[in-house]
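Below: one structure, written as structure tokens.
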Amino acid sequence: SNQEYTFEAASDIDAFSVPTTSALAQSSVRYKDGSHSMKWTWVSGDTMTHTFSPAISGNELKEGGIQLWLYNTNPRAGENLAVSFQNTASTTVTVSQFNIKLNFKGWRAVWVSYQEAIVTKNKDINVMKITAPTTQATIHPLYFDLLRFASEVMRQSRDKVVPPIDPNLYSNNNFWQQTYCWSQVSPPTICVTTPSQEKLDNMTLIEKRLENWFVNQSQSSLQFPTNAQRRWMSLQMQVDSAYTQYEQLNIVKSSEGVITGVPLYADSSKVTGGKKFGEVMVKVLLPLALDYHVRSRDVDVNALAADQLSNLNGTMDQKNDAIKKIAGGNQNIQNIFTTALGTNQKSYTLEKVKVAIGTLNTKRKERLLLLLEYIEDQGWNDGSGIGTLHHEMNHSGAGFMNAVFLLRKEITAAGKIDDYVATMKWYNEFGEVYQDPFEYAGTTADRMRTIALAMLFTVLMMPTTTDAKKLDKIRDMEELVLWYANALSPNEGLAGVLKPDYLGFHHNSFYASAYPPLAIHCGALIEFLLSGTPFKLSEDTSKHIKKGLETMRIVAVKYSTPNSVCGRFPGFYRAILAKNFPAYAYAGATAPSLNADGSLGEIAALDSDKIKMFLRLNDAGNEDVSDYLEDGTIFTSIFYLNTIGSINIMEEISSKAASMSVAAESSPQGFWTKNYASLVIARRENWAVTMKGFNKYVWDFEASSYQNVYGLYQSHGALLVANSEASLKTLDIDNGWDWTRHPGTTTIKMDLEQMVSQQRRYFQPRELAGGLTLIGGGDYATGGFGMDFSQPSYKFPAGSFQLDITFGFKKSMFFADFAVICLGSGITTTMSSPNITQTTLFQTKLLNASNPSSILINETSHSLNTDLTKAPSFFGTGNHAATLMDVNGNTYYIPDAHNQGLNVKIGLQNSRHRRGSKATSARYATAWLNHGVNPTDKGYEYTILVNRPSEEVRTLAENQASGSYWYQVLQRDNRAHVVKINNCPRQGETQYGYVFFDKSVRTSGPVRRVTKDPCIVMVEEVDTQNLYIAVSYPNLNFNISRTLDWGTLVNGQERFYSVSTPVEIEVRVINAVNIATGDVRVNGEVVPDTDKTNHVMVRPKSSGATTGRAIVFKQLSKGFTTEVKLTRWLP
């Protein structure tokens, strides 16, 4: 059990003993909890002893350890406290031991488990001894507080106070425990002796650009453009709160230099009372630093004084309003200003007001410097692990790093710049940039969004007072640029950030709703800041950023990405790009250079392709965009990107684009396959259709005990038709959502509590879930999707019936302009009774009861205000087709509706919130296919016409019934799905789609068979002679020997170093084709003629023949599609 000594009671001191040469006493001078600590006045070599009764044994010995806070008033280089846990039952045996280095000043946390410092196994602990160093130096007291013998110690961080004891405590797969490791990497040797003035000048330019990004330095706060002004005003509310919270910290510095205040702890610390470092960094330090930075500029002091002079000399109400505009809303800050101003009513001069504002700003600065000193004294310092750094930079990094950069001149004047650069390098793990070579390509999304920009702050803050320091600064900048290049390079395995198909990864998978969009946003900002300098990012790195940006805006209908790729943040309407569209502006512009007078000039150049993407997304008429542009609050502890100055930059880029006649791009059109996520995207007009699965290398969903609790089915073949941003509001997961009926998915209709699993990020046993893109000869690319599913071993609670369920299906989707053809087969479930298995067509919510939406069933309208139930029998007992239209104008053709089990319902749905915390309800219209209880080998067929009038789906139904087929299902079983689409993409042309589950099958159409499964093939017959054939092997085929169960168990080797092993597939066609091929494309890109045969080869039917029926597709990897244009041999 935990034993804790807070030393608030004098009796706590009695638990520790020292020889007569030492003294232990309760002290109120320094404390880390309450108002007291234990002061140890020691002499050289003395020992403090604590006896355990009962002894530490069993699980406590296996999992427990010591946690304490130690204050050292004077650094002691080369001296340690030796901590020893002993068993003295018979003879004295050291069980566990470690040293605490004393080369620090201030508070330090020590968290050490017994096992990481183990010396003798299988021995209980009954005594602890702490031995002081043997020294000749002057001795100063040590202070101990919050000393805990904890039954469990976890996430402890090794630091310069307690360096690594057990080298195997953390692997490189544990991202949050690498701080000490990186601090030990030596920078490369500098080979030049004279620093480059050009490079130093360019770093000054970058610094000015960065300062201008925070706030336009030529504008006073009174001159801010409208949205910048709104950001400034919203920030002021946080500033007022920050001053209140500052006062609540009770920071006091005594005449002896002793600083006390509310204690600060690591975010993962379980101590009650006090505050977390991150809370103070984000809610107090950064708002006050931003406010001071803006208000202390001469341009602001002069403008504000001139603007408010008449009001200060006016009525009392006018004067009070002026005081608030100058000093903010905090009464104590106002008092500082009014005291400096004096009581000379109605005769203040401009100079007097400026002096008073200057006095106020001096007080603001003094508070900030005291706040920084207090944070430093509390333990935030170079080499300090504050107990645990687990996720700490996600909580403290943005607040501290941004604030310190803004205060760099004040810190330099205080003579502490070297200390703060060292502290920043420690927490930013700056030593990582010194790798040569880098351990692996890429980095984590967290590192890009938390420390990538902070690393730049760090380098720009490095002093240049000597040539040696100048050379260090240039070296670190050059090393940092190399790190950026590596961090933004695609990683072929499961690590972040970017993948070969330019999806953004987090937690070993595509994560569209958070993390990667912010990571790429930071990358684009860095590209902008470094542009046009010797430190600019390389062409390759710039291309990676551009491709990442292009991919994000393809996946999102405009701002919102599909729920199927939401990670643990479910929702169809999240508008993530409405908070990240500035990235498109940054990536597309060259930042300004310096004018002759040292001021920044104008944006130098624009990349029109990137700026067109920005202009499409920079839609002030969109509510989410408008809200973002007006919001200056610091809304997260992880990053700070919504600066005031970024508004000016975006407006300047927009203005320059207009002057160059650069207009917004149209909504992207085409079809994209992203097999690193088992995802396809089809786009036409302004809508997007996505389909998502999972397989042996792509996991399904992420959840926690309070996030996405019911997300189990979100990747079971989810098919989202996103007509627009507004249409997504009809899919409202927070109100009445049926979590078993995501559109497109095939699922078991379980109760909510039956869906809750004890794990997340499941891989499934089958290889196939992914797609293919066919570019062909049409105006826009098209494609298909296939999925073979076998239910993973879900970790349901012990004894629950779900553990016995087996469940599998096969499904496909083929896209043709505005049509989505959906097929299913092999739907088989056992042991699921009484729950049905189902495939959902749509689930849409009533948004406005006073103006209700409606659906169509066989062309009859039904309001969502009126309850309705249509069972399969409604649709007739014969082979009759049904047609539906959802509330968003998408129509559905369902052949043989009765036998397929079509159900349609309108009514109130009861559910629970995404967090599982509260009941929710709303009215919905839902359509699904009921495959029955424990079905065997069931299937389905339906087609969606996206955003097409109901007349067209009725015509489709009539044509299909009459034999004038628009499309034909040539095969739909457990071996293959084959579809023929007539007059597609143009009249007289034909497309065929194949999903091969079994290579032994012989199929109809132009393709007879394949030599490897599973795979997807599409053929476009332009005419009797010309055709395109595309092949995809969606399986990433990593060189991983074991079966992956769930994402939390992916190891470092698999994460960082997996490669997609190429495969070869031979496609046998009915009619012979010429050996000479046309263009060959891999992942949409035409390969050079000299390289074509490395990707596609037509095998001659005999020696010397010029034709063949076997087309060999080589080097299929990374889920990429390979496509070839061929000509048939005509006799």
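Residue numbers (UniProt numbering): 1 to 1131.
Backbone N, C-alpha and C fix where the C-beta goes; we use that ideal spot for every residue, glycine too.
Which residues bound the alpha helix (DSSP H) around residue i?
i	result
Q714	It is not in any alpha helix (DSSP H) - Q714 carries neither H nor E in the DSSP assignment.
W182	179 to 183
W483	467 to 487
W232	226 to 248
K1101	Element bounds for K1101: n/a, residue is neither H nor E.
R295	286 to 295
M401	398 to 406
K547	539 to 555
A519	516 to 530
For the beta strand (DSSP E) that residue i lies in, which residues bound it at each end?
i	result
C822	819 to 830
G939	938 to 945
A1110	1107 to 1116
G278	Taken as a continuous stretch (DSSP letters only), G278 belongs to no beta strand (DSSP E), being part of the alpha helix (DSSP H) at 277 to 280.
Q968	967 to 972
E1066	1063 to 1074
Y628	Where Y628 is concerned, there is no enclosing beta strand (DSSP E), although the alpha helix (DSSP H) it sits in stretches over 623 to 630.
Report the option in the options whose CA atom is closest to the CA atom of residue i.
i	options	result
G342	E550, K319, L460	K319
A604	K656, A596, L235	K656
Y573	E392, K579, P562, F581	P562
Y243	V294, V280, F614	V280
T194	Q178, V294, D472, K129	D472
residue 1132	Y434, Y180, D33, M38	Given a span of 1 to 1131 for the chain in the structure shown, any question on residue 1132 remains unanswerable.
T464	D418, Y892, F52	D418
N508	K749, V1050, T860, L956	V1050
E366	V252, H391, A468	V252
T943	W966, L169, T936, S157	W966
E651	I611, K674, E685, T1011	I611
R1042	A578, Y697, L102, Y710	Y697
Can the beta-carbon of residue i be found closer than 8 Å to that of residue j?
i	j	result
L719	M813	yes
G1020	L774	Note on residue identity: the sequence assigns Glu, not Gly, to residue 1020. Contact flag set, yes.
G939	I827	yes
Y511	D446	no
A575	D624	yes
F763	D1013	no
V689	V820	yes
H898	G932	no
V1124	V1080	yes
L480	M448	no
T73	V93	no
Q759	K795	yes
L929	Q838	yes
D240	N330	yes
H395	G274	no
M38	F7	yes
P517	N580	yes
G1047	W739	no
H862	S873	no
Give a single yes or no on whether residue i has its beta carbon closer than 7 Å to a heavy atom of the ligand FAD.
i	result
S513	Ligands displayed in this structure: none; no statement on the ligand FAD is therefore possible.
- May I have a chain-ordered list of the beta strand (DSSP E) segments no shorter than 3 residues that lie completely inside the UniProt domain "Lyase N-terminal" (5 to 163)? With a minimum length of 3 residues, the continuous beta strand (DSSP E) runs that stay inside the UniProt domain "Lyase N-terminal" (5 to 163) are 23 to 27, 37 to 41, 47 to 56, 65 to 72, 80 to 87, 93 to 101, 106 to 113, 125 to 131, 142 to 150.
- Item | Length-filtered (3 minimum) beta strand (DSSP E) runs lying within the region 1011 to 1060 | With a minimum length of 3 residues, the continuous beta strand (DSSP E) runs that stay inside the region 1011 to 1060 are 1015 to 1021, 1026 to 1032.
- Three or more C-beta pairs below 8 Å linking the region 280 to 292 and the region 401 to 421: Using a C-beta cut-off of 8 Å, the region 280 to 292 makes contact with the region 401 to 421, since at least three inter-stretch Cβ pairs fall below that distance.
- Message: Runs of 4 residues minimum, wholly inside the region 427 to 461: which ones carry the alpha helix (DSSP H) assignment?
- Response: You should have 445 to 450, 452 to 461.
- Taking one C-beta from the region 601 to 617 and one from the region 763 to 783 each time, how about it: are there three or more such pairs within less than 8 Å? They do not touch, by the three-pair rule.
- Query: Do the region 1065 to 1077 and the region 1111 to 1131 touch if we need at least three Cβ pairs shorter than 8 Å?
  - Reply: With contact defined as three or more Cβ pairs closer than 8 Å, the region 1065 to 1077 and the region 1111 to 1131 are in contact.
- Query: How about the region 340 to 355 and the region 255 to 270: do they share at least three Cβ pairs that are nearer than 8 Å?
  - Reply: They do not touch, by the three-pair rule.
- Task: Please confirm if the region 212 to 232 is in contact with the region 296 to 307, defined as three or more CB-CB distances below 8 Å between the two stretches.
- Result: In this structure the region 212 to 232 lies against the region 296 to 307, because at least three pairs of beta carbons, one per stretch, are closer than 8 Å.
- Message: At 3 residues or longer, what runs of the beta strand (DSSP E) sit wholly inside the region 837 to 864?
- Response: Listed in chain order, they are 854 to 857, 860 to 863.
- Query: Unbroken beta strand (DSSP E) runs of length 3 or more, entirely within the region 893 to 919: which are they?
  - Reply: Within the region 893 to 919, the complete beta strand (DSSP E) runs of at least 3 residues are 902 to 912.
- Task: Write down every uninterrupted run of the beta strand (DSSP E) in the region 654 to 733 whose length is 3 residues or greater and which is fully enclosed by it, in chain order.
- Result: The beta strand (DSSP E) runs lying completely inside the region 654 to 733 and spanning 3 residues or more are 670 to 674, 679 to 684, 687 to 692, 718 to 722, given in chain order.
- Secondary structure, alpha helix (DSSP H): runs of 4+ residues fully inside the region 349 to 392: Counting only runs of at least 4 residues, the region 349 to 392 fully encloses the following alpha helix (DSSP H) elements, listed from N- to C-terminal order: 350 to 377.
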